[in-house]
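Note that the protein sequences, when read in sequence, are chains W and S. In terms of numbering that gives the first Met the number 0, the first sequence is residues 0 to 193. In terms of numbering that gives the first Met the number 0, the second sequence is residues 0 to 415. Okay, structure first, notes after.
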Amino acid sequence: MSTTPARPRPLSLHVNGIAHGPIDVPEDMMLVDVLHEYLGLTGTRFGCGQGECRACTVIVDDERGPREVRSCITGAHYFEGKRIRTVEGHARRDDGGKIVELSPVQQAFLDHFSFQCGYCTPGFVNAATVLLERLHKSPITHDQIEDTISEALNPHLCRCTGYVRYYQAVKSLVLATPGLVRGGEPHDGKERAP
Amino acid sequence: MTRVGWKRILAWLVLIVLVVLLIGWISRWMSNRGPVQKVNATPAQIERGRYLADAADCAGCHTAHDGAPLAGGFPLHSPFGTIHGTNITPDGEHGIGRYTADDFFHALTRGEARDGHQLYPAMPYVSYRTITRADSDAIYAFVMSQPPVNVPNRKNGVHFPANIRTALHGWNLLFAHPEVRSASQGSSADWKRGHYLVETLGHCGECHSPRGALGQIDRDRPLSGSAKLGRFAAPDITPQGLAARGWDSASLQQYLATGASAQAVASDEMLRVVTLSTSRLRREDVRAIAVYLLGDAPLPAKVTATAATAAGPGQKHYLDLCSGCHGRDGEGVPNVAVSLQRNTAVHDSNPHNLIVAILDGLPVHDFPGIARMQDMPGFGDDLDDGQVAALATWLRQRHGGQATAVDAATVAELRK
Numbered sequence: 000m001s002t003t004p005a006r007p008r009p010l011s012l013h014v015n016g017i018a019h020g021p022i023d024v025p026e027d028m029m030l031v032d033v034l035h036e037y038l039g040l041t042g043t044r045f046g047c048g049q050g051e052c053r054a055c056t057v058i059v060d061d062e063r064g065p066r067e068v069r070s071c072i073t074g075a076h077y078f079e080g081k082r083i084r085t086v087e088g089h090a091r092r093d094d095g096g097k098i099v100e101l102s103p104v105q106q107a108f109l110d111h112f113s114f115q116c117g118y119c120t121p122g123f124v125n126a127a128t129v130l131l132e133r134l135h136k137s138p139i140t141h142d143q144i145e146d147t148i149s150e151a152l153n154p155h156l157c158r159c160t161g162y163v164r165y166y167q168a169v170k171s172l173v174l175a176t177p178g179l180v181r182g183g184e185p186h187d188g189k190e191r192a193p
Numbered sequence: 000m001t002r003v004g005w006k007r008i009l010a011w012l013v014l015i016v017l018v019v020l021l022i023g024w025i026s027r028w029m030s031n032r033g034p035v036q037k038v039n040a041t042p043a044q045i046e047r048g049r050y051l052a053d054a055a056d057c058a059g060c061h062t063a064h065d066g067a068p069l070a071g072g073f074p075l076h077s078p079f080g081t082i083h084g085t086n087i088t089p090d091g092e093h094g095i096g097r098y099t100a101d102d103f104f105h106a107l108t109r110g111e112a113r114d115g116h117q118l119y120p121a122m123p124y125v126s127y128r129t130i131t132r133a134d135s136d137a138i139y140a141f142v143m144s145q146p147p148v149n150v151p152n153r154k155n156g157v158h159f160p161a162n163i164r165t166a167l168h169g170w171n172l173l174f175a176h177p178e179v180r181s182a183s184q185g186s187s188a189d190w191k192r193g194h195y196l197v198e199t200l201g202h203c204g205e206c207h208s209p210r211g212a213l214g215q216i217d218r219d220r221p222l223s224g225s226a227k228l229g230r231f232a233a234p235d236i237t238p239q240g241l242a243a244r245g246w247d248s249a250s251l252q253q254y255l256a257t258g259a260s261a262q263a264v265a266s267d268e269m270l271r272v273v274t275l276s277t278s279r280l281r282r283e284d285v286r287a288i289a290v291y292l293l294g295d296a297p298l299p300a301k302v303t304a305t306a307a308t309a310a311g312p313g314q315k316h317y318l319d320l321c322s323g324c325h326g327r328d329g330e331g332v333p334n335v336a337v338s339l340q341r342n343t344a345v346h347d348s349n350p351h352n353l354i355v356a357i358l359d360g361l362p363v364h365d366f367p368g369i370a371r372m373q374d375m376p377g378f379g380d381d382l383d384d385g386q387v388a389a390l391a392t393w394l395r396q397r398h399g400g401q402a403t404a405v406d407a408a409t410v411a412e413l414r415k
């Protein structure tokens, strides 16, 4: 067992369009701790701490496209040079930093009463945002909607069991946003439980 | 000879071939028409058969995921194509309902079905050749007492020419020798029982022994490991191989009984073996297996201290991507991520399994009982071949006492 303390290394991060650092960060510190303790961004939730619940999910924009990364099990230095989005980065703000408009995903979750305690919500917001951006680039057909949403949200845990309302919010948003679904309405129009 | 003479001979030859084929077809048809057997066995005999069927891991191949017990359908991938376990329930149409105890023993030990067709050696009849008649009869009594399931056998995907079953007569003549050089030295009662459990019933060598070009087991190097069958390699489980990776009798017994020990959690095909077979064995039989694998005079298990390693890209990848679950210095978290400090894949001179785990990740493991291990994401997209090699090299040097560097070409070969 090593007993030597972790060495700090300088780290530059790019979060929600703002460059931070370089700041000295211990080489084994996870991103979620740096967001909380160094950058004051406490919206990203620390849940299970082992990558199972996905409350800590952030978005990374790199050559592999927008994708979800679990910040509680991924070292902060992994994100050197990468662009990160957290839950704080979605809403539109005025020059003073005051929120003037929520993102469509955030608004849909509010409209559908998707969450109760809200602890898992930042992870769900990021998952749904990544999904919508992906569908903008490669739209799906009508019959793929349900499976695609389930696949995107399934890994995220919600202990208040708000799954159905998260699902319904994302589904109505996908249907209401032009350009995400190819072709017309389905023939039978049958609804399937999520 | 005139042209007419040739024609006559040809006609006779064709006739002979047709008659032989007809006789074969009729005998096969007749044998398929035999009566469905009714077996009278005591509950104790059936129970003994059930235990032996577990020890022989029949369900491993003859029960499919979500399939009826012993009704076949589990796919076994081999370099010669995919072979499915067959229906061995006592169903008269698709199962082995018409098999007598003699037919069953013959199929088990000689690899020949009741209708005379040769079984592919995916059925470990070469290992089972040394099964005792009493044990075969007990397994037969158990199997025949199970509910018949009317499920047809699945089509196999064996490529030409390996799909010519008649050619297996030749294969059997060349390779189906029951004489196995013991992988360890011993003479105790436990060792002998372990020999039977490992080499015969458990047929461990079918995966753990190296194989030649025609799929034959290399009997000069029993249990010394093979990378030919699955995505993961079956590691070297000779006394030397096990001791070098830090295994002793206690840890082997714990692993076989529960699927997890300080050295490893059972994964992939071995998890199936633990779930369906070794975890169901009596304690004294698990001990006998450990005694046989390690020998009557076991080598001391190697203890590898954590080595001082230079900071570099390998360590950086570890801290960035692995330490969140495996701990800053590989100590692991129970039921979440294994400790890497004593991990068998890290200590293996062959980096195959370590590389595959890094590239592919691992699914959730549900062990017999309530124990569980979280899934591990794969890092094949995050890390290129050189980065995976650097990470594997660092881990092996840090914890595994393996100084040899892993090269990027080895990683490239193992990428799917």
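For every residue, glycine included, the Cβ atom is placed at its ideal position computed from N, Cα and C.
Test item: CB-CB of residue i and residue j under 7 Å
{"i": "S/ARG218", "j": "S/ARG180", "result": "yes"}
{"i": "S/PHE73", "j": "S/CYS60", "result": "yes"}
{"i": "W/TYR165", "j": "W/SER113", "result": "yes"}
{"i": "S/ALA423", "j": "S/THR392", "result": "Missing from the structure shown is residue 423 of chain S; chain S here goes from 0 to 415 and no further."}
{"i": "S/GLN340", "j": "S/GLY326", "result": "no"}
{"i": "S/ASN352", "j": "S/ALA232", "result": "yes"}
{"i": "W/LEU10", "j": "W/VAL24", "result": "yes"}
{"i": "W/ALA54", "j": "W/CYS119", "result": "yes"}
{"i": "S/ASP136", "j": "S/SER276", "result": "no"}
{"i": "S/ASP381", "j": "S/ALA407", "result": "no"}
Residue-chain proximity (residue i, chain W), Cβ-Cβ < 7 Å
{"i": "S/VAL363", "result": "no"}
{"i": "S/ASP319", "result": "yes"}
{"i": "S/ARG414", "result": "no"}
{"i": "S/SER338", "result": "no"}
{"i": "S/SER322", "result": "yes"}
{"i": "S/VAL264", "result": "no"}
{"i": "S/ARG327", "result": "yes"}
{"i": "S/VAL335", "result": "yes"}
CB contact check: residue i to chain S, cutoff 7 Å
{"i": "W/ASP23", "result": "no"}
{"i": "W/GLY80", "result": "no"}
{"i": "W/TYR37", "result": "no"}
{"i": "W/GLY96", "result": "no"}
{"i": "W/MET28", "result": "no"}
{"i": "W/VAL14", "result": "no"}
{"i": "W/SER1", "result": "Legend: pLDDT at W/SER1 = 48, less than 50; position of this residue unreliable, value from coordinates given subsequently. Yes, because at least one Cβ of chain S sits closer than 7 Å to the Cβ of W/SER1."}
{"i": "W/TYR118", "result": "no"}
{"i": "W/GLY74", "result": "yes"}
{"i": "W/TYR77", "result": "yes"}
{"i": "W/GLN49", "result": "yes"}
Residue i beta carbon near the ligand GDP (any heavy atom closer than 6 Å)
{"i": "W/LYS170", "result": "The ligand GDP is not part of the structure shown, which contains no ligands of any sort."}
Reference residue i; option with closest CA among the options
{"i": "S/ARG281", "options": "S/GLN253, S/VAL264, S/ALA356", "result": "S/GLN253"}
{"i": "W/THR160", "options": "W/PRO65, W/ILE58, W/CYS52, W/GLU67", "result": "W/CYS52"}
{"i": "W/GLY50", "options": "S/ARG7, S/ASP374, S/LEU382", "result": "S/ASP374"}
{"i": "S/ASP359", "options": "S/ALA54, S/PRO209, S/LEU413", "result": "S/LEU413"}
{"i": "S/ASP295", "options": "S/ARG7, S/PRO238, S/THR343, S/MET269", "result": "S/PRO238"}
{"i": "W/PRO121", "options": "W/GLU132, W/PHE108, W/ARG133", "result": "W/PHE108"}
{"i": "S/SER183", "options": "S/LEU222, S/PRO234, S/ARG164", "result": "S/LEU222"}
{"i": "W/LYS81", "options": "W/LEU152, W/GLY16, W/VAL24, W/ASP94", "result": "W/GLY16"}
{"i": "W/MET28", "options": "S/GLY331, S/LEU382, S/ILE87, S/CYS321", "result": "S/CYS321"}
{"i": "W/LEU152", "options": "W/LEU30, W/LEU130, W/ALA175", "result": "W/LEU130"}
{"i": "S/PHE174", "options": "S/TRP246, S/ARG210, S/PRO151, S/TRP190", "result": "S/ARG210"}
{"i": "S/CYS203", "options": "S/ILE354, S/TYR124, S/ASN155", "result": "S/TYR124"}
{"i": "S/SER26", "options": "S/GLY84, S/ASP114, S/GLY377", "result": "S/ASP114"}
{"i": "W/ALA168", "options": "W/ARG181, W/GLN105, W/HIS135", "result": "W/GLN105"}
Cα-Cα separation, residue i to residue j
{"i": "W/THR41", "j": "S/VAL363", "result": "30 Å"}
{"i": "S/GLY311", "j": "S/ALA389", "result": "9 Å"}
{"i": "S/PRO147", "j": "S/PHE104", "result": "20 Å"}
{"i": "S/LEU361", "j": "W/THR85", "result": "28 Å"}
{"i": "S/ILE236", "j": "S/LEU292", "result": "7 Å"}
{"i": "S/THR81", "j": "S/TYR119", "result": "11 Å"}
{"i": "S/LEU196", "j": "S/VAL19", "result": "42 Å"}
{"i": "S/GLU198", "j": "W/CYS71", "result": "46 Å"}
{"i": "S/PRO350", "j": "S/GLY379", "result": "16 Å"}
{"i": "S/ILE288", "j": "S/ALA256", "result": "11 Å"}
{"i": "W/ARG69", "j": "S/ALA249", "result": "37 Å"}
{"i": "S/CYS57", "j": "S/LEU69", "result": "8 Å"}
{"i": "S/GLY170", "j": "S/LEU51", "result": "Reading off the sequence, residue 170 of chain S comes out as Trp, not Gly. Rounded to the nearest angstrom, the two C-alpha atoms are 28 Å apart."}
{"i": "W/THR176", "j": "W/THR56", "result": "24 Å"}
- [ ] Report the residue ranges of all alpha helix (DSSP H) runs contained in full by the region 21-79 of chain W; include only those spanning at least 4 residues, in chain order.
- [x] Runs of the alpha helix (DSSP H) inside the region 21-79 of chain W: 30-36.
Task: Sequence ranges, alpha helix (DSSP H) only - wholly within the region 192-216 of chain S, length at least 4 - done: Runs found: 204-207.
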